[in-house]
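See below:
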């Protein structure tokens, strides 16, 4: 079992680790991540500061833990926005077909033509930088992903005999979508949710790096990397730990998505790309 | 084929029109009064009026949209509020960095991905395949701007092989300019190579189950030869899609890398324009980037038809295959 689902196990372990770090940071951190101590600035990793300290003397481990909370919150809410809007849209398009379907999918295509970062920059240009706007920007990008996926899968389910039976029994398209189509899509949506979650972590880090995400003094992995950029020559730990945190979290959720897909839909094994 | 082409052309124009409407709405309608937005809270009324006049904000929305589109068709993107030069000139100047960088990164992605995909597909399920595919998972997960920082740490700070940032301009010589773009292109290209290698490997493995591949093997060709001669071309459809998406991403998504390396590209221009609230520049650059994405998608569609003759056959014939 372990060997067969190595992606699931490894991904699950890494993702759980990232989630645990985020939850842990709510209750405990070695130091206050916002507390500055100029006298203790730029200390290399040691027993008192496992990940060292930054140019303001803040504890890098505490900041990394707080960054996990920020990254995971942004990615989670962005996935919920994408699912919350995209899935009903996809279900509606598949149920209605005809011009409603065409119109919704063309709007979808249009949103898809806007690269995620450009969409995020447009949104922050209008509404200003901040964690909330980063969530909206990443969430808006998730909408067409879930809408397209849901519509495609729902269309194939609509062709099944049991859906015909449900229609003959007088159920409305809305009720059929809710009672029969959506439960059949759950596995697919969980897999895609995991993948979008991983993308959300990278996107949040990128936006924060550009100064468009979470604002100081709040900690974020992207902001930590931005601050570290001019100091990597003499304090490489400042870049290494937040970068590793992003890499391992993204790797974890990507592998978890792969593993879940293999378990929930073995026919699609190896086809995610 | 001609009907298909005309239909695609119509869809392309419709998407461009819709994209222009969307951008106009986002930039000129959502902020309320763009002139007020750009000049900030302490703007003096005379300055505001002058900017409104310059931006043509006193007309109605449909009039403003039509005027904007007609000006765009003449190549007039407006005048930058902060640089005081035509936005078109700024875009052309910055494209001279962003476009070669995107193409360079794409070349790295393709050159790395193809041999990896062919090798792993030929060893599918074996230890080497598992190991390399594990490596590509890391490549997919690595944030490109972190990779960029690690590259600078190794090749600039430690080894002094490359400069840590900046662009000397093409007038400094091709080699010098390309050297300045090398680390940014690697940082952009390596994660894309990991994605492309995974897609291509999957596509190749699917193709290898086809009858014509068995025939080629039966003729006595070796595994690698079979993949090179017969597999690669047949596996190209999903690969082309990803290459097209990567080119779009590299054109529009290099904003962060341009900031890491202080490159005067389009991404850095739009980023600075956001900080300076120069909406005219934001509007122009975003439009150019989105049109580039739409055009690349269109070209990928055309390339499908050139690469795969099966797609040129009528649908009824494809079904009876």
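Chains as they are written, first to last, in the numbering used here: chain A, 237 to 509; chain B, 145 to 465.
Just so you know, even glycine gets a beta-carbon here, dropped at the ideal spot from N, CA and C.
Going by DSSP, what residue range makes up the alpha helix (DSSP H) through residue i?
| i | result |
| --- | --- |
| residue 259 (chain B) | 231-266 |
| residue 393 (chain B) | 380-396 |
| residue 365 (chain B) | Note, residue 365 (chain B): premise wrong, no alpha helix (DSSP H); not H, not E. |
| residue 150 (chain B) | 146-168 |
| residue 323 (chain B) | 318-352 |
| residue 272 (chain A) | Residue 272 (chain A) -> no alpha helix (DSSP H), and no H or E assigned at all. |
| residue 334 (chain A) | 334-349 |
| residue 171 (chain B) | Neither: residue 171 (chain B) is in no alpha helix (DSSP H) and is coded neither H nor E. |
| residue 468 (chain A) | That residue, residue 468 (chain A), is in no alpha helix (DSSP H); it is neither H nor E in DSSP. |
| residue 279 (chain A) | Careful: residue 279 (chain A) lies outside any alpha helix (DSSP H) and carries neither H nor E. |
| residue 211 (chain B) | 205-217 |
| residue 433 (chain A) | 418-445 |
| residue 402 (chain B) | 399-404 |
| residue 93 (chain B) | Absent from the model: residue 93 (chain B). The displayed extent of chain B is 145 to 465, so no value can be given. |
| residue 300 (chain B) | Unbroken run through residue 300 (chain B): none, as it is neither H nor E. |
| residue 375 (chain A) | 367-394 |
| residue 399 (chain A) | 397-404 |
Does residue i come out as helix, strand or coil in the three-state DSSP assignment?
| i | result |
| --- | --- |
| residue 289 (chain A) | strand |
| residue 188 (chain B) | coil |
| residue 223 (chain B) | strand |
| residue 422 (chain B) | coil |
| residue 238 (chain A) | Its pLDDT being 48, under 50, residue 238 (chain A) is placed unreliably in this model, and the value from its coordinates should be taken loosely. DSSP places residue 238 (chain A) in coil when its eight states are reduced to three. |
| residue 273 (chain B) | helix |
| residue 355 (chain B) | helix |
| residue 463 (chain A) | helix |
| residue 491 (chain A) | helix |
| residue 193 (chain B) | helix |
Return the residue from the list the options that minimises the CA-CA distance to residue i.
| i | options | result |
| --- | --- | --- |
| residue 202 (chain B) | B:349, B:172, B:335, B:233 | B:172 |
| residue 234 (chain B) | B:337, B:284, B:408, B:314 | B:408 |
| residue 437 (chain A) | A:362, A:426, A:382, A:310 | A:310 |
| residue 427 (chain B) | B:378, B:400, B:232, B:357 | B:232 |
| residue 380 (chain B) | B:157, B:445, B:347 | B:347 |
| residue 419 (chain A) | A:393, A:262, A:265, A:401 | A:393 |
| residue 377 (chain B) | B:245, B:447, B:302 | B:447 |
| residue 466 (chain A) | B:300, B:383, B:273, B:350 | B:300 |
| residue 279 (chain B) | B:162, B:209, B:334, B:329 | B:334 |
| residue 394 (chain B) | B:430, B:245, B:193, B:325 | B:245 |
| residue 400 (chain B) | A:354, A:371, A:368 | A:354 |
| residue 342 (chain A) | B:155, B:361, B:307 | B:155 |
| residue 268 (chain A) | A:385, A:293, A:279 | A:293 |
| residue 265 (chain B) | B:369, B:288, B:442 | B:369 |
| residue 422 (chain A) | A:458, A:390, A:400 | A:390 |
| residue 257 (chain A) | A:358, A:299, A:384 | A:299 |
Exposed or buried, what is residue i when buried is set at 16 or more other beta-carbons lying within 10 Å of its beta-carbon?
| i | result |
| --- | --- |
| residue 462 (chain A) | buried |
| residue 392 (chain B) | buried |
| residue 387 (chain B) | buried |
| residue 248 (chain B) | buried |
| residue 411 (chain A) | exposed |
| residue 449 (chain A) | buried |
| residue 259 (chain B) | exposed |
| residue 151 (chain B) | exposed |
| residue 145 (chain B) | exposed |
| residue 440 (chain A) | buried |
| residue 352 (chain B) | buried |
| residue 328 (chain A) | buried |
| residue 147 (chain B) | exposed |
| residue 204 (chain B) | exposed |
| residue 457 (chain A) | buried |
| residue 304 (chain B) | exposed |
| residue 289 (chain B) | buried |
| residue 364 (chain B) | exposed |
| residue 287 (chain A) | buried |
State yes or no: is the beta carbon of residue i nearer than 8 Å to at least one beta carbon in chain C?
| i | result |
| --- | --- |
| residue 403 (chain B) | Any reference to chain C falls outside this structure, whose protein chains are A and B. |
Is residue i a contact residue of the ligand GTP, with contact defined as CB to any heavy atom under 7 Å?
| i | result |
| --- | --- |
| residue 359 (chain B) | Among the components of this structure there are no ligands whatsoever, and the ligand GTP is therefore not found. |
Can we say the stretch 341-357 of chain A touches the stretch 433-442 of chain B, given the rule of at least three CB pairs closer than 8 Å?
Note that the stretch 341-357 of chain A touches the stretch 433-442 of chain B; at least 3 beta-carbon pairs, one per stretch, sit closer than 8 Å.
Can you find at least 3 beta carbon pairs, one from the stretch 277-286 of chain B and one from the stretch 477-490 of chain A, that sit closer than 8 Å?
A contact exists between the stretch 277-286 of chain B and the stretch 477-490 of chain A.
Quick test of the definition: if touching needs 3 or more C-beta pairs under 8 Å, does the stretch 400-418 of chain B touch the stretch 306-324 of chain B?
Here the stretch 400-418 of chain B makes contact with the stretch 306-324 of chain B; the two share three or more CB pairs at distances below 8 Å.
Closer than 8 Å is the cut-off here; do at least three beta carbon pairs connect the stretch 372-381 of chain A with the stretch 419-439 of chain A?
Enough Cβ pairs lie closer than 8 Å, so yes.
Counting pairs of Cβ atoms below 8 Å between the stretch 468-486 of chain A and the stretch 284-304 of chain A, do you hit three or more?
The answer is yes - the stretch 284-304 of chain A touches the stretch 468-486 of chain A, with three or more Cβ pairs under 8 Å.
Check whether the stretch 456-475 of chain A touches the stretch 311-318 of chain A, counting contact only when three or more Cβ pairs, one atom from each stretch, lie closer than 8 Å.
Segment contact: the stretch 456-475 of chain A against the stretch 311-318 of chain A, fewer than three CB-CB distances shorter than 8 Å; contact not assigned.
Are the stretch 357-367 of chain A and the stretch 424-431 of chain A in contact at 8 Å, needing three or more beta carbon pairs?
Touching, no.
So, does the stretch 413-426 of chain B touch the stretch 220-228 of chain B, judging by three or more C-beta pairs under 8 Å?
Two segments are said to touch when three or more pairs of C-beta atoms, one from each, lie closer than 8 Å; by this definition the stretch 413-426 of chain B touches the stretch 220-228 of chain B.
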